[in-house]
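The numbering of the sequence shown is the working numbering, which starts it at 77 and goes up by one. Comments concern the structure below.
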Amino acid sequence: IAIRGESLDLSALDAGKHPAEDYAYSAPEAADVGAHSNRSDVYSAGALLYQLLTGQVPYVPPGARMSAHEVLWRAVEGPPRPVHELAPSVPIELVAICEKAMARDPARRYRDMAELREDLAAFLEGRRDVDLASRGKRP
77 IAIRGESLDL SALDAGKHPA EDYAYSAPEA ADVGAHSNRS DVYSAGALLY QLLTGQVPYV
137 PPGARMSAHE VLWRAVEGPP RPVHELAPSV PIELVAICEK AMARDPARRY RDMAELREDL
197 AAFLEGRRDV DLASRGKRP
């Protein structure tokens, strides 16, 4: 995959993957039984985008072997390391999309995958539809 001429290596997505890492893609509210919604799916897509942008699984330090419980606990306790800390060359618009998709509060995420897709399309097409004011900004 290439974003604005930069190639992304997708081989890292499954390389050395530990089964507990699956929980790194679960929304924090997944800890509550029955709390799944469209916004939970958006969170999971945002977590995958996070890994594509940073080369790291959210909440799991490189090389760490963690239990499923520990990974889910980290997701509930707080956000993963910011994208811009791990990958400073990622465009701010793409960071904002990822941060909104992975917002801690489901009400602050995209309503559904179609809304997420629209912002990703706007970014890829070079449109300025991505509203940074309502999403994360780099400090």
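Ideal Cβ placement from N, Cα and C applies to all residues, glycine included.
Close beta carbons around residue i, own chain, < 6 Å, minus the five adjacent residues each side
i: residue 85; result: In this prediction, residue 85 scores a pLDDT of 49, lower than 50, which makes its location untrustworthy; no coordinate-derived value is stated.
i: residue 101; result: 120 and 123
i: residue 188; result: 114
i: residue 135; result: 100, 147, 150, 151 and 156
i: residue 127; result: 133
Assigned secondary structure, residue i (DSSP; H/G/I helix, E/B strand, else coil)
i: residue 177; result: helix
i: residue 116; result: helix
i: residue 202; result: coil
i: residue 188; result: coil
i: residue 197; result: helix
i: residue 103; result: coil
i: residue 210; result: The predicted position of residue 210 is uncertain, since its pLDDT is 48 and thus under 50; no value can be drawn from it.
Beta-carbon contacts of residue i that lie in its chain and below 8 Å, excluding the five residues immediately before and after
i: residue 182; result: 103, 105, 113, 115, 116 and 119
i: residue 196; result: 173
i: residue 213; result: In this prediction, residue 213 scores a pLDDT of 44, lower than 50, which makes its location untrustworthy; the coordinate-derived value is nonetheless stated afterwards. Answer for residue 213: 168 and 172, listed in chain order.
Contacting residues, own chain, Cβ-Cβ under 7 Å from residue i (five flanking each side not counted)
i: residue 162; result: 130 and 132
i: residue 192; result: 118, 121, 177 and 186
i: residue 180; result: 104 and 155
The ligand COA heavy atom lying under 7 Å from the CB of residue i
i: residue 160; result: As presented, the structure is devoid of all ligands, the ligand COA included, so that no description of it is given.
Handout entry: Stretch-stretch touch, CB-based, cutoff 8 Å, three pairs: the stretch 193-202 with the stretch 131-149
Key = no
Problem - Those runs of the alpha helix (DSSP H) which lie wholly inside the stretch 126-179 and span at least 4 residues - result: 144-153, 159-162 and 168-177
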